[in-house]
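**Student:**
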Amino acid sequence: MGITISNNPQRQDFPILSRKISDNVSLVYLDSAATSQKPNQVISAMDAYYRNNNANIHRGIHVLAEEATAEYERAREKIANFIGVKNVKQIVFTKNTTESINLVAYSWGRKNLKTSDHIILTEMEHHSNLVPWYILAEELGFQIDFVPFDREGMLDIDQYQRLLENKPKLVAFTHMSNVFGTINPVGEMVKLAHAAGAVALVDGAQSIPHFPVNVSELNIDFLAFSGHKMCGPTGIGVLYGKIELLDSMPPFLGGGDMIKKVRLGSFKPNEVPYKFEAGTPPIAEVIGLGAAVDYLETIGMKNVFRHEQELTAYGFDGLSKIQGVSVIGPAVDKRGGVLSFVMEGVHPHDVSQVLDQDGVAVRAGHHCAMPLHEKLGIPASTRASLYLYNDKSDLDKLFFAVERVKSIFG
């Protein structure tokens with residue numbers, strides 16, 4: 002099944018896209034980098050669980066419990082296949098990308114990092130891949146080095162190689178920037194990290210929903226991503242880890258299903274992945290994420306990416322032609338479906354507010370990437386982000402609304 006740049010057939014699967022913001026204004030949703038909309042297939046799968054199979058998993062032996070457990074574990078298999086993983090034990094369910102990265106920081110990091118060590122992050126990271134390491138560095142005393150980005154929003158790979166000479170224990174970086182849209186060279190960066198003896202963690206929050214990613218081919222050590230950005234529900238995330246790393250890590254949270262045996266004064270943790278899934282998990286959300294994977298695979302991730310590339314080129318060109326508007330980040334062939342821009346003389350919050358009056362939903366602010374904006378010397382930006390349900394008409398409405406901002410603010 003393919004997608005066309007106009008008259009997008011996938012739109013009918015997303016009930017919210019038929020919503021009217023006011024009597025004469027239809028919704029134009031361009032905020033998928035923050036969270037994606039949900040198709041009927043995902044909504045129906047979660048509804049069916051609550052109506053037909055609602056029970057706790059891994060514990061009960063009655064029919065409902067066994068059915069719920071089977072659906073939960075079937076979703077784990079779907080997600081493993083989706084990212085090129087053969088061993089389903091390498092898929093750990095969390096709440097979101099943020100919790101996945103925190104799990105690595107507090108479990109792997111506390112065990113393996115010490116005062117004399119270095120780790121490498123980049124200047125374009127989301128706060129979720131900065132703050133956990135800052136907190137841990139304050140506790141353990143290790144040094145954090147940063148890979149800079151250039152004027153086009155591309156990482157300086159030469160400087161990255163120089164920083165690797167410090168023999169860092171960990172390299173953690175985003176696959177695709179949530180501000181620039183830059184698609185970083187993961188394969189090359191992971192290979193260089195391994196040559197220096199470092200473990201590589203990749204933030205896949207913006208990549209997994211938008212183009213094919215095979216962690217086995219890329220040889221990634223840890224990968225974190227969220228369900229809600231890939232047509233799935235909120236409250237469910239995934240951490241992939243190489244099995245030898247996960248096996249060696251201590252539990253992150255205690256209680257519930259992460260336990261194999263408990264005595265007064267001691268306990269034995271469960272095996273991977275359950276060692277990291279304490280308490281009653283988000284069962285309906287896992288099932289919903291499994292349905293989202295089914296939906297994306299029906300369309301085909303190559304088709305999703307091709308569609309977004311076409312829309313990104315159209316959007317980049319249209320915004321760049323509007324006087325006073327500057328799109329930040331690299332050229333179209335080096336970015337995904339994110340178009341962050343600044344408008345001369347108008348604060349992004351004002352831009353967003355006027356666009357909202359025309360039904361165009363975008364994000365304004367620092368997008369949880371304050372250091373990036375500080376380096377650019379701007380307080381914030383306006384971000385339009387694209388997904389499989391958008392088409393050319395959405396971007397035409399964005400251009401019209403941005404022109405209206407110009408007329409209002411002169």
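Going by our numbering, the final residue of the sequence shown carries number 411, and the count climbs one at a time with no gaps.
No residue lacks a Cβ here, since even glycine has one placed at the ideal position from N, Cα and C.
As the structure is a prediction and not an experimental result, all values here were calculated from the model.
Using a Cβ-based criterion (distance less than 7 Å to any ligand heavy atom), does Ala332 qualify as near the ligand PLP?
**Tutor:** With respect to the ligand PLP, the structure shown offers nothing to examine, as it has no ligands at all.
**Student:** Does the Cβ of Asn97 have 16 or more other Cβ atoms within 10 Å, making it buried, or fewer, making it exposed?
**Tutor:** Working through the sequence shown from its first residue, we reach residue 97 at position 96. The residue is buried, with at least 16 neighbouring Cβ atoms inside 10 Å.
**Student:** Using alpha carbons as the reference points, say which of Pro282, Lys170, Asp157, Phe94 lies closest to Arg77.
**Tutor:** Looking up residue 77 in the sequence shown gives position 76. Measuring from the Cα of Arg77, the nearest candidate turns out to be Phe94.
**Student:** Buried or exposed for Met2, going by 16 or more other Cβ atoms inside 10 Å?
**Tutor:** The residue you call residue 2 lines up with position 1 of the sequence shown. Its pLDDT being 47, under 50, Met2 is placed unreliably by the model, and the measurement read from it follows with that caveat. Exposed, since its Cβ has fewer than 16 Cβ neighbours within 10 Å.
**Student:** In the DSSP assignment, what residue or residues form a beta bridge with Arg384?
**Tutor:** As a first step, residue 384 is located in the sequence shown; it is residue number 383 there, counting from the start. Bridge partners of Arg384: Ser341, Arg364.
**Student:** The beta strand (DSSP E) with Thr123 in it runs from where to where?
**Tutor:** To locate residue 123, count along the sequence shown from 1; it is residue 122. Element bounds for Thr123: 119-123.
**Student:** What ranges does the beta strand (DSSP E) occupy inside the stretch 3-54, keeping only unbroken runs of at least 3 residues that lie completely in it?
**Tutor:** 21-23
**Student:** For Arg364, count neighbouring C-beta atoms within 10 Å of its own C-beta (all shown protein chains included) and say buried if the count is 16 or more, exposed if not.
**Tutor:** Locating residue 364 in the sequence shown gives position 363, counting from the first residue. Burial call: buried.
**Student:** At what residues does the beta strand (DSSP E) containing Phe181 begin and finish?
**Tutor:** Translated into positions along the sequence shown, residue 181 becomes position 180. Judged by DSSP secondary structure, Phe181 falls outside any beta strand (DSSP E); it is assigned neither H nor E.
**Student:** Between the Cα of Glu140 and the Cα atoms of Lys112, Leu122, Leu165, which residue gives the shortest distance?
**Tutor:** For the purposes of this step, residue 140 is taken as the residue at position 139 of the sequence shown. Here the closest residue by C-alpha is Lys112.
**Student:** Phe83 by DSSP, collapsed to three states: which one?
**Tutor:** Along the sequence shown, one-based indexing puts residue 83 at 82. Reduced to three states, the DSSP call for Phe83 is helix.
**Student:** Whether or not the stretch 387-394 and the stretch 306-321 are in contact is what I'm after, with contact meaning three or more pairs of Cβ atoms, one per stretch, closer than 8 Å; do they touch?
**Tutor:** yes
**Student:** Which class does Val191 belong to by DSSP, given the choice of helix, strand or coil?
**Tutor:** Here the question's residue 191 lines up with position 190 in the sequence shown. Val191 sits in a helix when the DSSP states are folded into three classes.
**Student:** Compare the C-alpha of Asp248 against each of Glu272, Leu356, Pro234, Phe268 and name the closest.
**Tutor:** Within the sequence shown, numbered from 1, the residue matching residue 248 stands at position 247. Among Glu272, Leu356, Pro234, Phe268, the Cα nearest to that of Asp248 is on Glu272.
**Student:** Unbroken alpha helix (DSSP H) runs of length 4 or more, entirely within the stretch 111-174: which are they?
**Tutor:** 132-141, 158-165
**Student:** Hey, how far is the Cα of Arg75 from the Cα of Asn82?
**Tutor:** Numbered from its first residue, the sequence shown carries residue 75 at position 74. Numbered from its first residue, the sequence shown carries residue 82 at position 81. Their backbone Cα atoms lie some 11 Å apart in a straight line.
**Student:** In the DSSP output, what is Gly378 paired with across the bridge?
**Tutor:** Numbered from 1 along the sequence shown, position 377 holds the residue referred to as residue 378. Paired residue(s): none; Gly378 is not in a bridge.
**Student:** Starting from the Cα of Thr183, find the closest Cα among Val328, Pro169, His128, Asn41 and give me that residue.
**Tutor:** Mapped onto the sequence shown, residue 183 falls at position 182. The shortest Cα separation from Thr183 among Val328, Pro169, His128, Asn41 belongs to Val328.
**Student:** Can you tell me the Cβ-Cβ gap for Gly330 and Gly198, rounded? I've got them flagged as a contact below 8 Å.
**Tutor:** Locating residue 330 in the sequence shown gives position 329, where the first residue counts as 1. Locating residue 198 in the sequence shown gives position 197, where the first residue counts as 1. The pair is not a contact, with the Cβ atoms about 32 Å apart (cut-off 8 Å).
**Student:** Whose C-beta lies closer than 8 Å to the C-beta of Asn88 among residues of the same chain, with five residues either side of it excluded?
**Tutor:** Within the sequence shown, the letter at position 87 stands for residue 88. So the list reads Ala81, Ile244, once near-sequence residues are dropped.
**Student:** Any idea which residues DSSP pairs Ser327 with across the strands?
**Tutor:** Within the sequence shown, residue 327 is the residue found at index 326, counting from 1. According to DSSP, which records beta bridges pairwise, Ser327 is partnered with Val343.
**Student:** According to DSSP, is Tyr241 part of a helix, a strand, or is it coil?
**Tutor:** Locating residue 241 in the sequence shown gives position 240, counting from the first residue. Looking at Tyr241 - three-state DSSP - the assignment turns out to be strand.
**Student:** Pull up the CB-CB distance for Val86 and Tyr296, whole angstroms please, since I reckon it's below 8 Å.
**Tutor:** The count along the sequence shown starts at 1 and reaches residue 86 at position 85. The count along the sequence shown starts at 1 and reaches residue 296 at position 295. About 19 Å separates the two Cβ atoms, so there is no contact after all.
**Student:** Using the three-state DSSP reduction, which class does Ile409 fall into: helix, strand or coil?
**Tutor:** Taking the sequence shown and counting its residues from 1, the one referred to as residue 409 is at position 408. Looking at Ile409 - three-state DSSP - the assignment turns out to be helix.
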